[in-house]
Ligand code: HEC
Ligand code: HEC
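Residue numbers (our numbering): -9 to 283.
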């Protein structure tokens, strides 16, 4: 029972339906809407033709432009691999001192080295390479094994106390736990070690006891740390006369070192970083430290 009629107020036709006395005007869809609908449909058909779109079974419509995300990624990868080849070659073939004098190379070292360091080393040595308890700072001029390029490169290659066949090996003996020195001797040695860098901190009584500590030191410690406690690079034993400490220079930390020993592990990187990367990191570390005059 529907009969279109003209609405007396708007002058438009109604749909002719009536629901409980309510009638609906026959308002046409506005033209802009029709226009955009048509355009988007056209556009999507165009895109289906140009680009990969519809999956069917194991394949999909490829589109006439031949666009393929995988090819794009592969192209990017091979481009960056080519770039990498260039500097890998440069960093492997060129002498370290020559690279160090080369501003272009060092600019590259500072940007790429920072990222390599962050990814591989900062968990232990800290983001700024300044170390922390148990992990030596790499920014000072104090070294366990030496800070020249060849030595750092070798440390990175074989690590310290690792499973590498040629690992650097260095252990601070557990003089207490192994019953080599009793607690009185260790106390005298702790005081003596403090006297090497901060003699002002000792009481008069402690200062009087220093000769005993010194004798114990010469008997038990100097073979690794040197007669003057200045450290011996060949055996990776740290300098005990400066302000740099791996495990802490307060009496408690030194006493703990003497009692339980220390054996820090620095992983080896021969399998995990390319020679070029290790050289780059070596240059990066040397660049962080104080510059030789
Ligand atoms: C798992 C922790 C750890 C990671 C990761 C690590 N190191 Fe070490 N590193 C150590 C420890 C511990 C020592 C000191 C070993 C010792 O006490 O004998 C050390 C020592 C060194 C030394 C010798 C310092 C000296 O005085 O001779 C260098 C150089 C070094 N690390 C560089 C690096 C670089 C570069 C990386 C990243 C590729 C790195 N380390 C990653 C723990 C780590
Ligand atoms: C066999 C060689 C060896 C002997 C002997 C030795 N040390 Fe050490 N000592 C080391 C090494 C190697 C380290 C570094 C250990 C590490 O970093 O893991 C060290 C570390 C230390 C440290 C910690 C330094 C720091 O920066 O925190 C102290 C303190 C120390 N030794 C004192 C002594 C005293 C005192 C004696 C004598 C009783 C002694 N050492 C005998 C090899 C030795």
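Backbone N, C-alpha and C define an ideal beta-carbon position, used for all residues, glycine too.
Is it right to say residue 47 is buried, meaning 16 or more other beta carbons lie within 10 angstroms of its own, or is it exposed? Counted from its first residue, the chain shown places residue 47 at position 57. Looking at its Cβ environment, which holds fewer than 16 other Cβ atoms inside 10 Å, residue 47 is exposed.
Please state the DSSP three-state secondary structure of residue 45. For the purposes of this step, residue 45 is identified with residue 55 of the chain shown, where counting begins at 1. In this structure, residue 45 counts as strand in the three-state DSSP scheme.
Check whether residue 166 and residue 182 have beta carbons under 7 angstroms apart: The count along the chain shown starts at 1 and reaches residue 166 at position 176. The count along the chain shown starts at 1 and reaches residue 182 at position 192. No, Cβ-Cβ distance for residue 166 and residue 182 is not below 7 angstroms.
Got a sec: does ligand 2 put a non-hydrogen atom nearer than 6 angstroms to the Cβ of residue 159? Position 169 of the chain shown holds residue 159. False, no ligand heavy atom lies under 6 angstroms from that Cβ.
Looking at the secondary structure, which residues open and close the alpha helix (DSSP H) in which residue 80 lies? By 1-based counting over the chain shown, the position of residue 80 is 90. Here the alpha helix (DSSP H) through residue 80 covers 59 to 83.
State the beta-bridge partners of residue 299 as determined by DSSP. With the chain covering -9 to 283 only, the question about residue 299 has no answer from this structure.
Residue 254 beta carbon near ligand 3 (any heavy atom closer than 6 angstroms): No copy of ligand 3 appears in this structure; the ligands present are ligand 1 and ligand 2.
In angstroms with no decimal places, state the Cα-to-Cα distance between residue 163 and residue 250. On the chain shown, residue 163 is found 173 positions in, with the first residue counted as 1. On the chain shown, residue 250 is found 260 positions in, with the first residue counted as 1. Cα to Cα, residue 163 sits roughly 8 angstroms from residue 250.
Residues of its chain near residue 102, where Cβ-Cβ distance is below 7 angstroms and the 5 sequence neighbours each way are ignored: Position 112 of the chain shown, counted from the first residue, corresponds to residue 102. Contacts found: 270.
Return helix, strand or coil for residue 165, following the three-state DSSP convention. The residue you call residue 165 lines up with position 175 of the chain shown. Reduced to three states, the DSSP call for residue 165 is coil.
Under 6 angstroms from any heavy atom of ligand 1, does the C-beta of residue 110 make it? Translated into positions along the chain shown, residue 110 becomes position 120. Yes, the beta carbon of residue 110 sits closer than 6 angstroms to at least one heavy atom of ligand 1.
How would you write the range of the beta strand (DSSP E) that residue 7 sits in, first residue to last? Start at 1 with the first residue of the chain shown, and residue 7 comes out as number 17. Looking at the DSSP string, the run of the beta strand (DSSP E) that includes residue 7 is 4 to 9.
Using the Cβ count rule (16 or more neighbours within 10 Å means buried), how would you classify residue 39? Counted from its first residue, the chain shown places residue 39 at position 49. When all chains shown are included, residue 39 counts as exposed.
Give a yes or no on contact between the region 259 to 274 and the region 71 to 84, applying the rule of three or more CB pairs nearer than 8 angstroms. yes
Whole-angstrom distance between residue 244 and residue 252, CA atom to CA atom: Here residue 252 refers to the residue found at position 262 when the chain shown is read from its first residue. Here residue 244 refers to the residue found at position 254 when the chain shown is read from its first residue. For residue 252 and residue 244, the distance between alpha carbons rounds to 11 angstroms.
Name the DSSP bridge partner or partners of residue 13? As a first step, residue 13 is located in the chain shown; it is residue number 23 there, counting from the start. Its beta-bridge partners are 8.
Once the 5 residues before and after residue 54 are set aside, which same chain residues still bring their CB inside 8 angstroms of it? Residue 54 sits at position 64 when you count from the first residue of the chain shown. Correct list, in chain order: 39 and 40.
Would you grab the beta carbon distance between residue 262 and residue 137 for me? Rounded to a whole angstrom, and I think it's under 8 angstroms. The sequence position of residue 262 within the chain shown is 272, counting from 1. The sequence position of residue 137 within the chain shown is 147, counting from 1. The Cβ separation is near 22 angstroms, so there is no contact.
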